[in-house]
Amino acid sequence: MSSGLDLLTRQGLRLLLRGVRLKSATLQIRTAPGKTVWLTVLLFLLLTAAAEWVARSESFQVPLTPPKMGSRHYQLGHKLALLNVLARKTGQVDCIMLGSSMVDTGFDPAAFETGYKEMTGRDIHCFNFGIDASTAASTAALARIVIEDYHPRLLIIGTDPRDYAVPINDPDPAVVLKTPWVAYRQGNFTLEGWLLDHSYLYRYRQHLGRLARFQFEDTLWSNTKLNFENLPNGFTPLSEISTYINDPPEPGDNSFEVTYYTRIYSSYHMLPENLKSLESIMKYNETGIPVILVEMPVSDGLYYFFGNRESDYDRFLTRVGELASLHHVAFWRTEPLDFIPDNGWVDYSHLNKTGAEIFSTWLGQQVGEAEHQGNIKANQP
Amino acid sequence: MTITSLNFFIFTALALAIYYLLPRRPQNIWLLFVSYVFLVSWDWTFAAVLGLVTSINFLLALRLRINDQGRRGLLWFGISLNVLTLIFFRGAGFFLPELEAMLASLGLSTQAGGLQILVPLGLSYYILQAISYLVDVYRCQLKAESDFVNFGLYLSYFPKLLAGPIERARAFLPKLAQPRLVDNRVIAQSVMLIFVGLVRKLIIADTLTASFLSDVFKIPQKYSPLELVVWLVIYAFAIYNDFAGYTDIVRGISGFFGIELSRNFWAPYFSRNFTEFWKRWHITLSEWLRDYIYFPLHRVLSRYKTGYGKLANLILPPLITMLVSGLWHGFYLNLLVWGGLQGLYLIVERIPAFWRPIVPPQHQPLWRQGLGMVVVFILVILAWAPFRWELPAALQLWEALLNWSDVVIRYRRMLIVLPLLLGSLLLDFIQYWSDDEFIFLKWPPLAKATCMAIVLFWIFILTAGNFEQPFVYQGF
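So the sequences go chain by chain: A and B. Those letters in the first sequence? Residues 17 to 397, per the working numbering, in order. Those letters in the second sequence? Residues -1 to 474, per the working numbering, in order.
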């Protein structure tokens, strides 16, 4: 068998080197590549290797915006890069909070660290990895990546009913999962995913192409809009204050927010596959990485969008609570606490920086207390 | 499906794979089919218009000569029909708003967005080919093609469909009747053409085009005279490399099918006079204009030997020819001015012919040749102003060029792209000096391989920028 394969390999190699004579009515060529072709391939590979070496250097990467990893998601690459910088700077990112835009604007790592220190007297480094439009499925995919690459000592998942709702297309909830690099990291092999994972040149190829065409916006770090929105710890502080958050939506209000919530919540039910994704995150708890599940605060006005008002929302809490206790994961609810003041909201479900500070301080204190009681080991290597 | 896209590459590869398996006659049927599929990939109505134009011209040509007598009326009918088709589609932008206003005044409102007519892709090119075919048949320079497939392919052959070269039926149709041979030499030449074309288009032209600031074409007076000169020079090289690159690529692709297409450019910015410039710039269009507009006009006016007749013969043929060229590029006043200016250059150049024979540039002293190149280049780039800028902006640009009080360059990108201009000149110079388009094939393997590796690497980078510039001449 093996000698047969060797023979085939040798024959294939011979065919490649010597070529064959093709003789149809029109095409009359010898297929053997000449010296020029071999040299071109060799020089191209050398050039690519040299460029890869340059692309891996910090001095090359620093002035550029983070690569998007093949994603159409505007935040993913940026947050990954911020996380990289924080990991490099601190040596270890102790905790990472994952979730949707509610986490992105609602979790202030600095306030969390303060609340934690109040309870334990110890410093901790946290990062906000909330991604717009993320659902339980994409959060699970990102959880796997951050655990493999950054080894955090604590994983916090901010959850809300939208994580399990039937998806609608705008914004595309699968945008993170469709990212070739994310898909590759979940075990779905694609050439692009492999290249993105292994080659820095490939990651930065788009930047170079855009720079060569004088497109500096979103290519140079100093010109990137996101750079002014996100803090280095991943948090997106918002300063707007909403006044309508406790009221039902106005009849005939066709704003994106109202239409969006109406579409996903009016006949709310939870997708089993998204609940499975949540369970896959919870299973990390069994491998020694503490996982905490936190209900992201929502305003009273959000209940008006559910077909069955509070009972739909309670169904979400009950189901997630059941899974949490099944996997021995802490599930901290915020709804009964009602600690976010009316000036702490941007809209029905997003906190502004005032709300984020209150919520995050509370969360830090909770984690500190849980650690003190020996329920979790967030800050112990 | 643009010709630098991956889709086009796959499409061509599939077309070739089947093409090589077929004998000659089915090869033509296959190519005709593939060409129409290519057109339908843009819009099916484009294919319908081309099919109609092809059928009408095919039938007309068969009836153009009866008992060895040309039917002049039928020829003019055919020419008029083709010209009117061109005017109808290209002029739609002018008459549709008028028509809409008229309908509205009659209480007949159109749908939201108004009336719209898409200009069929490649129309300006295949209409010229159809006219030349009818004239050649009428003049007995060509026998009317009796094979509809061959004639259909002459007008629709996909590598030249979008923007030429404008082939003559008398040169192209015999190629379709012959068996084709694609050997290693042809492959090497085709690959070289494609490489050179990609360098011109993706590396030089697209980068130069991207360097333009958005308001350069709207408010030229914002820039210093020196900057305007640099923008003009950049534009001159951008449009040249864009179109020359396109032609090289399609000629290379056609080479793989064993069908040689005409050269369209030959180092035009090394021209020593304007007559030479038009022998080097968009050669197939220039030759078409020469053979079907300039020469007929010249012949008619040559009958008048008096002073005024001679003067008319000096002025009218080049002027009318270049005005038609301007109109062919678009029904806009600025393009008419561009054509008029080019006509004027040719007229002025011919004035000395009144009192002494014209010495061909290659027989002139070197300093005269060099001076000629500089003068032609300067005047040609000045004429690019109304070609690209709308007329008021072009006039402002020319006006601003007269005021040299502010001699600065504030935009670094203008300086960054200057090496590309040198690259373009070097590419031309190497071919021009050796008088061999395929000179690069004679280079040592290491030199060829180094160039190809660098080009491949650079294209690998550039194609990631999501920056796809359409070919400028595809718009005509």
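Glycine included, every Cβ here is placed at the ideal spot set by N, Cα and C. It should be emphasised that the depicted structure is a prediction, and the values quoted were computed from it without experimental measurement.
With DSSP collapsed to three states, give me the class of residue i.
i                : result
Arg88 (chain B)  : helix
Trp353 (chain B) : coil
Phe156 (chain B) : helix
Asn301 (chain A) : helix
Gly174 (chain A) : strand
Cys111 (chain A) : strand
Leu287 (chain A) : coil
Glu388 (chain B) : coil
Gln222 (chain A) : helix
Gly86 (chain A)  : coil
Glu311 (chain A) : strand
Arg69 (chain B)  : coil
Asp181 (chain B) : strand
Cys449 (chain B) : helix
Ile237 (chain B) : helix
Gln144 (chain A) : A quick correction: the sequence has Asn, not Gln, at residue 144 (chain A). Looking at Asn144 (chain A) - three-state DSSP - the assignment turns out to be strand.
Trp264 (chain B) : coil
Trp396 (chain B) : helix
Arg249 (chain B) : helix
Trp74 (chain B)  : helix
Arg348 (chain B) : helix
Phe347 (chain A) : strand
Ile437 (chain B) : helix
Gln44 (chain A)  : strand
At 9 Å on the CB atoms, spell out the chain B contacts of residue i, in chain order.
i               : result
Arg72 (chain A) : Simply none; closest approach about 16 Å.
Leu92 (chain A) : Those do not exist, as Leu92 (chain A) stays about 17 Å from chain B at its closest Cβ, beyond 9 Å.
So which residues of chain A does residue i contact, with C-beta pairs closer than 8 Å?
i                : result
Val180 (chain B) : Thr42, Leu43, Gln44, Ile45
Which residues in chain A sit within 7 Å of residue i, going by Cβ to Cβ distance?
i                : result
Gly49 (chain B)  : Result: empty, since nearest Cβ-Cβ is about 27 Å, beyond 7 Å.
Gly209 (chain B) : Gly is not the amino acid found at residue 209 (chain B); the sequence shown has Ser there. Residues of chain A passing the Cβ test: Phe230.
Arg411 (chain B) : Phe230
Thr205 (chain B) : Ala228, Arg229
Below 8 Å on C-beta distance, what does residue i contact in chain B?
i                : result
Thr56 (chain A)  : Lys446, Ala447, Met450, Ala451, Leu454
Pro221 (chain A) : The identity of residue 221 (chain A) in the sequence shown is Arg, whereas the question assumes Pro. Going along chain B in sequence order, the residues near Arg221 (chain A) (Cβ under 8 Å) are Phe458, Ile459, Ala462.
Below 7 Å on C-beta distance, what does residue i contact in chain B?
i               : result
Leu59 (chain A) : Ala447, Thr448, Ala451
Lys51 (chain A) : Pro443
Ile64 (chain A) : For clarity, residue 64 (chain A) is Thr in the given sequence; the question names Ile instead. Phe455, listed in chain order.
Looking only at its own chain, which residues have a Cβ that is under 6 Å from the Cβ of residue i, when we skip the five neighbours before and after it?
i                : result
Gly390 (chain A) : none
Phe438 (chain B) : Met190
Leu209 (chain A) : The sequence given here has Gly at residue 209 (chain A), not Leu. Cβ within range, chain order: Pro196, Trp197, Ala199, Tyr200.
Leu63 (chain A)  : none
Ala234 (chain B) : Ile379, Trp382
Pick from the options: whose alpha carbon is nearest that of residue i?
i                : options                                : result
His141 (chain A) : A:His223, A:Gly380, A:Asp148, A:Glu233 : A:Gly380
Thr42 (chain A)  : B:Val184, B:Leu153, B:Glu96            : B:Val184
Leu309 (chain B) : B:Ile54, B:Pro350, B:Gly328            : B:Pro350
Gln429 (chain B) : B:Phe268, B:Pro315, B:Thr273           : B:Phe268
Tyr136 (chain B) : B:Gly162, B:Arg63, B:Phe86             : B:Arg63
Val373 (chain B) : B:Leu200, B:Phe275, B:Trp42            : B:Phe275
Asn301 (chain A) : A:Lys51, A:Asn262, A:Arg160            : A:Arg160
Asn239 (chain B) : B:Phe255, B:Phe215, B:His280, B:Pro218 : B:His280
Phe156 (chain B) : B:Phe254, B:Ile237, B:Ala169           : B:Phe254
Please go through the same chain and pick out, in chain order, the residues whose beta-carbon is closer than 8 Å to the beta-carbon of residue i, but skip the five residues on each side of it.
i                : result
Gln222 (chain A) : Pro83, Lys84
Val231 (chain B) : Ile379, Leu419
Given residue i, which residues of its chain have a CB within under 7 Å of its CB, disregarding the five upstream and five downstream residues?
i                : result
Arg249 (chain B) : Leu191, Leu259
Gln367 (chain B) : Arg270, Pro359
Phe44 (chain B)  : Leu37, Pro118, Leu119
Gly76 (chain B)  : Asn55, Leu58, Leu132
Val274 (chain A) : Pro265
Lys487 (chain B) : Nothing about residue 487 (chain B) can be reported from this structure: the residues present for chain B run from -1 to 474 only.
Ala265 (chain B) : Arg278, Asp426, Gln429, Tyr430
Ile291 (chain B) : Ile318, Thr319, Val322
Gly360 (chain A) : Leu367, Asn368, Thr370, Gly371, Ile374
Near-chain A residues of the region 185 to 203 of chain B (beta-carbon distance less than 7 Å), N- to C-terminal order
Listed by position, the residues of the region 185 to 203 of chain B near chain A (Cβ gap below 7 Å) are Ile185.
Can you give me, in chain order, the residues of the region 251 to 269 of chain B that have a beta carbon less than 7 Å from any beta carbon in chain A?
So the list reads Gly256, given in the order they occur along the chain.
Tell me which residues of the region 2 to 18 of chain B have at least one Cβ-Cβ distance to chain A shorter than 8 Å, keeping chain order.
So the list reads Tyr17, Tyr18, given in the order they occur along the chain.
Positions along the region 131 to 144 of chain A whose CB lies within less than 9 Å of some CB in chain B
Listed in sequence order: no entries.
Compile a chain-ordered list of the residues in the region 202 to 219 of chain A whose CB is closer than 7 Å to at least one CB of chain B.
Those would be none; no residue qualifies.
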